[in-house]
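Undergrad: Pasting in a structure now, in structure tokens, and then I'll have a few things to ask.
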Amino acid sequence: MRGIGSFEKALWLISVLLEVGLTALLLYRKNYRTFPFFFAYVLTVIAQSAILFVTYKIWGFNSQASRASHWSTQGLVLVARALAVAEICRHALRKYRGIWELAWRLLLASAVLVLLYSLVAAGFEWQLLELNADRGLELTIAVLVVVLFVFAHYYEVAMEPVLRFVATGFFLYSCFSVLNDTVLERWKYAYAPLWSRMGSLAYVASLLLWNWALRERQTMATREATLLPDGVYRTLAPEINMRLKVLNENLHRFWYPEGKRP
Amino acid sequence: MSFYLYLFLGLLVLLLLAFIWSQRKPARRTITPISLKLLEETGPRHVTYLPAIRQALAGADYDFILRRGSRLLLRRFKKERRRVALAYLGQLRGDFQRLLRVAGIIAVLSPEVTAMEEFERLCLTVKFRWRFEMIRMELWAGFAPLPQLSGLGNVVSGLSVRMEMAVKELAERAAMASALSSSLDRRDAD
Numbered sequence: 001m002r003g004i005g006s007f008e009k010a011l012w013l014i015s016v017l018l019e020v021g022l023t024a025l026l027l028y029r030k031n032y033r034t035f036p037f038f039f040a041y042v043l044t045v046i047a048q049s050a051i052l053f054v055t056y057k058i059w060g061f062n063s064q065a066s067r068a069s070h071w072s073t074q075g076l077v078l079v080a081r082a083l084a085v086a087e088i089c090r091h092a093l094r095k096y097r098g099i100w101e102l103a104w105r106l107l108l109a110s111a112v113l114v115l116l117y118s119l120v121a122a123g124f125e126w127q128l129l130e131l132n133a134d135r136g137l138e139l140t141i142a143v144l145v146v147v148l149f150v151f152a153h154y155y156e157v158a159m160e161p162v163l164r165f166v167a168t169g170f171f172l173y174s175c176f177s178v179l180n181d182t183v184l185e186r187w188k189y190a191y192a193p194l195w196s197r198m199g200s201l202a203y204v205a206s207l208l209l210w211n212w213a214l215r216e217r218q219t220m221a222t223r224e225a226t227l228l229p230d231g232v233y234r235t236l237a238p239e240i241n242m243r244l245k246v247l248n249e250n251l252h253r254f255w256y257p258e259g260k261r262p
Numbered sequence: 001m002s003f004y005l006y007l008f009l010g011l012l013v014l015l016l017l018a019f020i021w022s023q024r025k026p027a028r029r030t031i032t033p034i035s036l037k038l039l040e041e042t043g044p045r046h047v048t049y050l051p052a053i054r055q056a057l058a059g060a061d062y063d064f065i066l067r068r069g070s071r072l073l074l075r076r077f078k079k080e081r082r083r084v085a086l087a088y089l090g091q092l093r094g095d096f097q098r099l100l101r102v103a104g105i106i107a108v109l110s111p112e113v114t115a116m117e118e119f120e121r122l123c124l125t126v127k128f129r130w131r132f133e134m135i136r137m138e139l140w141a142g143f144a145p146l147p148q149l150s151g152l153g154n155v156v157s158g159l160s161v162r163m164e165m166a167v168k169e170l171a172e173r174a175a176m177a178s179a180l181s182s183s184l185d186r187r188d189a190d
């Protein structure tokens with residue numbers, strides 16, 4: 001394959017081996033039943049690797065055809081990854097119906113906001129359209145994972161270790177991708193080889209994490225947690241809300257003693 | 001171009017910080033069953049010591065030592081007072097956090113949660129923490145915000161009493177629902 005260094009080739013080979021290993025683990029441990037979207041994501045990535053391998057072999061790494069095939073398959077991979085992250089979020093919170101209803105709206109709103117922000121920040125430079133779209137989606141995925149973790153931490157919801165590891169893998173890789181895309185945009189092709197290596201290393205690290213997390217069979221509890229009777233929150237929430245307002249006023253008075261009041 | 005570069009980098013740093021924060025203290029328990037023990041503990045604990053603490057921090061003692069005692073004794077006295085006030089403030093925060101935790105459990109175990117109410121609670125927590133840190137810094141710096149400390153005690157005490165009522169009501173409703181469910185089950189069995 002012309003245009004690819006031996007180090008990049010080695011990294012690519014390692015990542016393909018890890019992807020195949022992950023697929024085997026998902027099948028052998030029957031974890032594809034628990035994580036169908038994650039399984040679909042891994043298969044999409046393997047398919048992308050195969051397509052790119054053939055493309056690079058025929059036209060070379062730096063050709064226009066290779067570039068076009070990379071960005072077109074990357075779109076599919078990103079959509080598959082976003083669905084896999086959504087699946088992780090659902091597994092983590094669906095037991096708690098009330099906060100899950102709140103969480104998915106919050107996650108969706110975050111995703112839309114970050115995508116809009118990315119488009120605005122990109123300044124609609126059509127020459128760098130693929131790069132900006134890629135960065136926007138990667139940033140959205142990173143934000144989704146962080147919002148999920150922050151939400152779980154705030155409500156003290158215990159997340160299964162496997163969900164933590166898989167989500168962390170997504171977060172690390174997406175963060176690296178955003179960083180790489182941003183720096184690549186700034187310094188153009190002077191940074192390209194290093195960009196490629198960094199991205200591959202981050203991806204290998206994420207694959208290692210996923211392989212380790214899914215080494216055993218996972219069964220997610222499908223049953224909802226024992227919830228309070230209907231209407232308890234509806235009855236108590238306005239009362240608590242009122243109390244919180246009183247608390248707010250007290251705190252305000254507390255912070256601005258009579259003499260200091262503006 | 002540079003502006004957006006730094007904006008993206010800043011956003012990444014923020015994301016990393018939020019990620020680290022969320023990993024700071026992993027939840028050690030699942031909130032599936034209602035922790036009755038926790039609910040019992042929601043009453044005001046350290047707030048009840050407020051009169052004693054106020055007595056300990058009273059200005060009369062300070063004036064007395066200022067008139068009669070040595071400079072060394074006065075310094076030691078101030079240091080001890082500050083230590084007591086800081087310890088008390090820490091315990092007040094514990095009370096406050098316990099109460100908020102109960103509110104969180106109610107939210108997690110409810111089949112329906114309203115975003116506005118949850119958001120308000122979040123704002124309150126942020127405000128409390130900010131003000132708490134401000135007072136702590138003032139105390140640490142050697143100021144004596146005794147009126148503020150008293151105000152904070154009132155706030156926590158008020159919330160404790162109200163939360164106690166809410167929790168009692170919640171327990172009654174849960175018991176009622178459980179009894180209703182059992183009677184329905186029996187009727188089905190018959």
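If you read the protein sequences in the order shown, they are chains G and W.
So for the first sequence, this note's numbering puts the first residue at 1; every next one is plus one.
So for the second sequence, this note's numbering puts the first residue at 1; every next one is plus one.
Beta carbons are placed, not taken as given, at the ideal position from N, Cα and C, and that holds for glycine.
Shorter than 9 Å from the beta carbon of residue 19 of chain G to some beta carbon of chain W?
TA: no
Undergrad: Where does residue 124 of chain W fall in DSSP's three states?
TA: helix
Undergrad: Could you compute how far the alpha carbon of residue 86 of chain G sits from the alpha carbon of residue 219 of chain G?
TA: 18 Å
Undergrad: Rounded to whole angstroms, how far is the Cβ of residue 7 of chain W from the Cβ of residue 121 of chain G, which I believe are closer than 8 Å?
TA: About 6 Å separates the two Cβ atoms, so the contact holds.
Undergrad: Residue 194 of chain W touches chain G at which residues, Cβ-Cβ below 9 Å?
TA: The structure shown does not extend to residue 194 of chain W, since chain W is modelled only from 1 through 190, so no value can be given for it.
Undergrad: With a threshold of 8 Å on Cβ separation, who are the neighbours of residue 66 of chain G within its own chain once the five nearest residues in sequence on each side are excluded?
TA: 52, 55, 56, 59 and 60
Undergrad: Please confirm whether residue 45 of chain G has its beta-carbon closer than 9 Å to some beta-carbon of chain W.
TA: Contact of residue 45 of chain G with chain W is not assigned, every C-beta pair being separated by 9 Å or more.
Undergrad: Rounded to a whole number of angstroms, what is the C-alpha to C-alpha distance between residue 100 of chain W and residue 78 of chain W?
TA: Going by the C-alpha atoms only, they are around 33 Å apart.
Undergrad: Would the C-beta of residue 53 of chain G count as close to the ligand NAP, meaning under 8 Å from any of its heavy atoms?
TA: The ligand NAP is not part of the structure shown, which contains no ligands of any sort.
Undergrad: Counting only the same chain and skipping the five closest in sequence on each side, list residues whose C-beta sits under 6 Å from that of residue 203 of chain G.
TA: 15 and 173
Undergrad: Does the distance from the CB of residue 42 of chain G to the CB of residue 22 of chain G come in under 9 Å?
TA: yes
Undergrad: What is the rounded straight-line gap between the Cα of residue 27 of chain W and the Cα of residue 60 of chain W?
TA: Only weak support is given to the placement of residue 27 of chain W: the predicted model assigns it a pLDDT of 46, under 50, and the value that follows is read from those uncertain coordinates. A straight line joining the alpha-carbon of residue 27 of chain W with that of residue 60 of chain W spans about 46 Å.
Undergrad: For a quick check, are the C-beta atoms of residue 35 of chain G and residue 84 of chain G less than 9 Å apart?
TA: yes
Undergrad: Identify the contact partners of residue 142 of chain G in chain W, using a Cβ-Cβ distance below 7 Å as the criterion.
TA: Simply 15.
Undergrad: Is residue 229 of chain G helix, strand or coil when you go by DSSP?
TA: coil
Undergrad: Give the DSSP-derived three-state secondary structure of residue 28 of chain G in the structure shown.
TA: helix
Undergrad: Within 10 angstroms of its Cβ, does residue 20 of chain W collect 16 or more other Cβ (buried), or is it exposed?
TA: exposed
Undergrad: Grouping DSSP H, G and I as helix and E and B as strand, with all else coil, what is residue 114 of chain W?
TA: In this structure, residue 114 of chain W counts as coil in the three-state DSSP scheme.
Undergrad: Here's the rule I'm using: 16 or more other beta-carbon atoms within 10 Å means buried, otherwise exposed. How should residue 178 of chain G be labelled?
TA: When all chains shown are included, residue 178 of chain G counts as buried.
Undergrad: Are the C-beta atoms of residue 6 of chain G and some chain W residue less than 9 Å apart?
TA: no
Undergrad: Check whether the Cβ atoms of residue 162 of chain G and residue 213 of chain G lie closer than 9 Å to each other.
TA: yes
Undergrad: By a C-beta neighbour count over all protein chains shown, 10 Å radius and 16 as the cutoff for buried, is residue 110 of chain W buried or exposed?
TA: buried
Undergrad: From residue 198 of chain G to residue 176 of chain G, what distance separates their C-alpha atoms?
TA: 8 Å
Undergrad: Grab the span of the alpha helix (DSSP H) containing residue 73 of chain G for me, first residue to last.
TA: 64-93
Undergrad: Pull up the distance between the alpha-carbon of residue 171 of chain G and that of residue 70 of chain G, whole angstroms please.
TA: If I take the Cα positions, the gap works out to 22 Å.
Undergrad: Hey, how far is the Cα of residue 128 of chain W from the Cα of residue 114 of chain W?
TA: 22 Å
Undergrad: Who are the near neighbours of residue 18 of chain W in its chain, counting only those whose CB is closer than 6 Å to its CB and skipping five residues on each side?
TA: none
Undergrad: For residue 136 of chain G, which residues from the same chain have a beta carbon less than 6 Å from its beta carbon, with the 5 sequence-adjacent residues on both sides left out?
TA: 115 and 118
Undergrad: Using a beta-carbon distance cut-off of less than 8 Å, what residues from the segment 130-142 of chain W approach chain G?
TA: 131 and 134
Undergrad: Judging by CA-CA distance, which residue of G/77, G/184 and G/130 is the nearest neighbour of residue 68 of chain G?
TA: G/130
Undergrad: By alpha-carbon positions, which one of W/131, W/76, W/123 and W/22 ends up nearest to residue 90 of chain W?
TA: W/131
Undergrad: At what residues does the alpha helix (DSSP H) containing residue 316 of chain G begin and finish?
TA: Here chain G comprises residues numbered 1 to 262, so residue 316 of chain G is not present and cannot be evaluated.
Undergrad: Counting only beta-carbon separations shorter than 9 Å, does residue 104 of chain W have a partner in chain C?
TA: Among the chains of the structure shown, chain C does not appear; the protein chains present are G and W.
Undergrad: Going along chain W, which residues have a C-beta under 8 Å from residue 203 of chain G?
TA: Result: empty, since nearest Cβ-Cβ is about 17 Å, beyond 8 Å.
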